[in-house]
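Student: I am attaching a structure below and will ask some questions about it afterwards.
2 protein chains.
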Amino acid sequence: MGTSAIAELGQRARAASRIVALASAQQKNEGLLLAADLLEGRGEEILAANADDVAEAVGAGVTSAVVDRLRLSPARVASMAAGLRQVAALDDPVGEVVRGWVRPNGLQIRQVRVPLGVVAIIYENRPNVTSDAAGLCLKAGNAAFLRGSSAALRSNQAIASVLRAAYANASLPPDALVLVEDTSYESARQFMQLDGCIDCLIPRGGSSLIAAVKEHATVPYVIDGDGNCHVYVDASADLEMAADIVANAKTQRPSVCNAAESLVVHRSVAERFLPDVAARLDGVELRGDPATVGILGAHRVIPVTDDDYAREFLDLILSVRVVDGLDQAIEHVRRYSSGHTEAIVTADLAAARRFQREVDAAAVVVNASTRFTDGEEFGFGAEIGISTQKLHARGPMGLRELTTTKYLVEGNGQIRG
Amino acid sequence: MGTSAIAELGQRARAASRIVALASAQQKNEGLLLAADLLEGRGEEILAANADDVAEAVGAGVTSAVVDRLRLSPARVASMAAGLRQVAALDDPVGEVVRGWVRPNGLQIRQVRVPLGVVAIIYENRPNVTSDAAGLCLKAGNAAFLRGSSAALRSNQAIASVLRAAYANASLPPDALVLVEDTSYESARQFMQLDGCIDCLIPRGGSSLIAAVKEHATVPYVIDGDGNCHVYVDASADLEMAADIVANAKTQRPSVCNAAESLVVHRSVAERFLPDVAARLDGVELRGDPATVGILGAHRVIPVTDDDYAREFLDLILSVRVVDGLDQAIEHVRRYSSGHTEAIVTADLAAARRFQREVDAAAVVVNASTRFTDGEEFGFGAEIGISTQKLHARGPMGLRELTTTKYLVEGNGQIRG
């Protein structure tokens, strides 16, 4: 695909963005509900396209985990439809007056929430992202400009075709969802450089995708990065609560970014706590410092490396460190944190306050599982990702984070002296 | 300067950022007030360093405009000090609870405002930016990591040395201001790629600097871009008010980004309005479309080109277009706007509302000059720049825009089911 071809797709998305930016919540909701119905109504067509993708992936010998992420089922299609209905039920963020005031010269200033325009998303397998992302973009008044993976191309085409048809039925521009069908590396690069066309790029994928965006993107982007999340068990912690939290944070869904990857334990409770929590972590490989090995034994703990502390395992593996106190715990977290979610279990108010103040992460949690850093768990209804950077959005990104603001200034002839 | 040398400077700024992030407003204000006093107390030293910079620039034969931007005077030093005192008087944005709520499971969530960390600024001449930017960064709890131009190096060194001494006197880390003294192109490139060290880069300079940032930066950045600002005079406008606004927007300070560069006039009032406004714009070169030339005559108007419409003149030049109505006016603005500030002069409520809704810019103004899009005029007290992009900050950036947020989550043992 030449640069002009992908730029032309971008121009279609931009033209559509101007129309959906002005659409009423009612009209956008109608589009979402029609799309949900049509996803179910044309489910067979989507599943047939997906079966072709899956067959090709299996033929190419990819891992079963990859096939699992790629594969749709009637239940997954129903879940995509349910997701769109859920987004339709959320409040429209567009038009919110964020703040407003009057200047001494009489100028009235309001900062109001408006759509971003064209939101571009590059994503790997998981064809449900096509529907989820398009729905959130539409509700926030944006056009979705989507580039999925080659392995999911037929599935994505089928889903996009259904959504575009539904939009047309709701008198919305079909180009409120534009799918890039050229999944070459070169097209990804061109995509990231469509200045003046893409208002926000959200890459959803692994570290090589993030690195490519940092290297090549010239359009503004938000990084949905790794989660190397810690749970620190303080001297004063309720140890039963701490074991529940660690077990939940590590094992409830180890493959996601808000799962815990590292346990940090205050030395004064390590002897009592580590055996209890190790028993709760049956099946979890522990990689610990010498103190941990000393307490749990070499049969249960592998010696930890610096690399282990820095790693997001996304697996049933947990690094463990025993520290002398809160200072050392904060220092450890500061060194290895990816800025996603960090938790402390403590009964000590001063320790809780210091940890929350001094740890620099999107979410700092006291006495709860790291697994709650999530758009739905936060009450945003749905999320487009979790930002681990500090600009624009930090933490779970919902509809609000898919908007920007503009200032509306009103006067009666004011000029500047 | 090797990569490691600039990275080491960055690490110093990062270490300092952790301390200033936790400093109280009182302590930060003390640092700012001491810095203001010391700027005045050591004014001779700053002026001597500046005289060397100016002499070298004059010797190198740069334009008088460049020399003027570079040159300090006792009044300019006093104005830098006044700027720091003004920032000390502003409310501290850190710690503000942006919103907070309780989830059905009892989790308490607060989104609170926290410093960004290390704010990096690349800027051209104008040594006062060293003091202005450092002061704003400090008040928002950030370390300022500054890279000025080679022409202003001695001036910047002198100012930085004064501020660092004042910070030390206030028991703040001197590295809350780190100045990069290597002003080579290569160091600028390394600077933009200090991932994990710079939390936000704000380039302040011309289009070649912006292009370099887009091409090379891997750290997050906010673009303070061009202002190709329009004033649209609607059919229903109070034409006297319109002439006042156009004259003010064009001539009050033509060299700045919120000055008007283009006048768009409704055909039904063009015959009456254009001669009046042209008389008010004595000394302003007009570049107009055929209708404008027809009304004002070829002696007064140069035929406009498409390039003229797209240009930010920053000079006493104004492009002029006569349109058939609001639709065409919005279409014209949409095509050429740089997304900074767009104004309409109208008495028609529906026209005002449509213009504000449909024009996509940081500020959309009704019946006032474009010149008000400015941190001080908006009431923010001071500004670090004006963002023309949509992520993180849009429009004037004050202290609030130099912060991010984090989520503080508190529970009593909640785990995810």
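Residue numbers (the working numbering), protein chains in the order written: chain G, 3 to 419; chain S, 3 to 419. Using N, Cα and C, we set each Cβ at its ideal position, and we do this for glycine too. A quick note: this is a predicted structure, and the numbers were derived from the prediction, not measured.
1. Starting from the beta carbon of G:K252, find every residue of chain S whose beta carbon is closer than 9 Å, and list them in chain order.
2. In this structure, what does DSSP give as the bridge partners for S:R115?
3. Of the residues S:A53, S:R44 and S:M194, which one's Cα is nearest the Cα of S:L165?
4. Taking DSSP as the reference, what is the three-state secondary structure of G:E273?
5. Please name the residues in the segment 399-419 of chain S whose beta-carbon is closer than 7 Å to at least one beta-carbon of chain G, in chain order.
6. Would you identify the three-state DSSP class for S:A365, choosing helix, strand or coil?
7. So, for S:D310: in the same chain, excluding its five sequence neighbours on each side, which residues have a beta-carbon less than 6 Å away from its beta-carbon?
8. Could you check whether the segment 288-305 of chain G touches the segment 326-339 of chain G, counting it as contact only if at least three pairs of C-beta atoms, one from each stretch, sit closer than 8 Å?
9. Give the interface partners of S:M243 over in chain G, defined as CB-CB distance under 7 Å, in chain order.
10. Counting contacts by CB-CB distance shorter than 8 Å, is G:T132 in contact with chain S?
11. At a CB-CB cut-off below 8 Å, which residues of chain G make contact with S:V224?
12. Are G:E42 and G:A18 touching if we call contact CB-CB under 8 Å?
13. On the three-pair Cβ rule with 8 Å, is the segment 100-110 of chain G touching the segment 55-66 of chain G?
14. Only counting the same chain, and skipping five residues up and downstream in sequence, which positions put a Cβ closer than 7 Å to that of G:V104?
15. S:C231 bridges to which residues according to DSSP?
16. Just to check my reading of the structure: G:F374 and S:Q416 have Cβ atoms closer than 8 Å, yes? What is that Cβ distance to the nearest angstrom?
17. Looking at the unbroken beta strand (DSSP E) that takes in S:A349, where does it start and where does it end?
18. When you compare only the Cα positions, how much space is there between S:E47 and S:E126?
19. Taking only runs of the alpha helix (DSSP H) that begin and end inside the segment 68-137 of chain G, which ones reach a length of at least 4 residues, in chain order?
20. Going by Cα to Cα distance, which pick from S:A15, S:D308, S:L49 and S:D284 is closest to S:A160?
21. Using a C-beta to C-beta distance shorter than 8 Å, which residues of chain S count as neighbours of G:E217?
22. Verify whether the separation of the beta carbon atoms of G:L404 and G:V120 is less than 8 Å.
23. Buried or exposed, going by whether 16 or more other CB atoms sit within 10 Å of the CB of S:R73?
24. Using beta-carbon positions only, say whether G:A11 and G:V180 come within less than 8 Å of one another.
25. Once you ignore the five residues that flank S:V69 on each side, which residues in its own chain have a CB closer than 8 Å to its CB?
26. Buried or exposed: which applies to G:G143, given that a residue is buried once 16 or more other Cβ atoms fall within 10 Å of its Cβ?
27. Could you tell me which chain A residues have their CB closer than 9 Å to the CB of S:E379, listed as they occur along the chain?
28. Taking only beta carbons into account, state which residues of the segment 357-381 of chain S come closer than 8 Å to chain G, listed in chain order.
29. So what's S:T185 in DSSP terms, helix, strand or just coil?
30. Taking only the alpha-carbon atoms, compute the straight-line gap between S:A172 and S:A23 and give it to the nearest angstrom.
31. Touch check for the segment 355-364 of chain G and the segment 330-344 of chain G: three-plus C-beta pairs under 8 Å?
32. Got a sec: which bits of the segment 135-157 of chain S sit with their beta carbon under 7 Å from any beta carbon on chain G, in order along the chain?
33. Strictly below 7 Å CB to CB, what residues from chain S border G:R396?
34. Please confirm whether S:G229 and S:I212 have their CB atoms less than 8 Å apart.
35. To the nearest whole angstrom, what separates the beta carbons of S:R401 and S:L138, a pair I think is in contact under 8 Å?
36. If you measure from the beta carbon of S:L118 to each beta carbon in chain G, is any gap under 8 Å?
Tutor: Taking the geometry as given:
1. The contact set of G:K252 on chain S, defined by CB atoms closer than 9 Å, is empty, because the minimum CB distance reaches about 11 Å.
2. S:T407
3. S:R44
4. helix
5. T406, T407, K408, Y409, L410, V411, E412, G413, N414, G415, Q416, I417 and R418
6. strand
7. R289 and S321
8. no
9. G415
10. no
11. L393
12. no
13. no
14. Q110
15. Partner residues in the beta bridge of S:C231, as assigned by DSSP, are S:A262.
16. 7 Å
17. It is not in any beta strand (DSSP E) - S:A349 carries neither H nor E in the DSSP assignment.
18. Cα-Cα distance, rounded: 21 Å.
19. 76-91
20. Proximity to S:A160 across S:A15, S:D308, S:L49 and S:D284 peaks at S:L49, based on C-alpha coordinates.
21. Those within 8 Å of G:E217 in chain S are T220.
22. no
23. buried
24. Residue 11 of chain G is actually Leu in this sequence, not Ala. Contact flag set, yes.
25. V56, A59 and V60
26. buried
27. No chain A is present in this structure, whose protein chains are G and S.
28. Those would be Q358, R359, E360, D362, A363, A364, A365, V366, V367, V368, N369, A370, S371, R373, F374, T375, E379, F380 and G381, in chain order.
29. If DSSP states are grouped into helix, strand and coil, S:T185 belongs with coil.
30. 15 Å
31. yes
32. Listed by position along the chain: nothing, the set is empty.
33. T406, T407 and K408
34. no
35. Note that residue 401 of chain S corresponds to Leu in the displayed sequence, not to Arg. Contact flag correct, Cβ pair sits at about 6 Å.
36. yes
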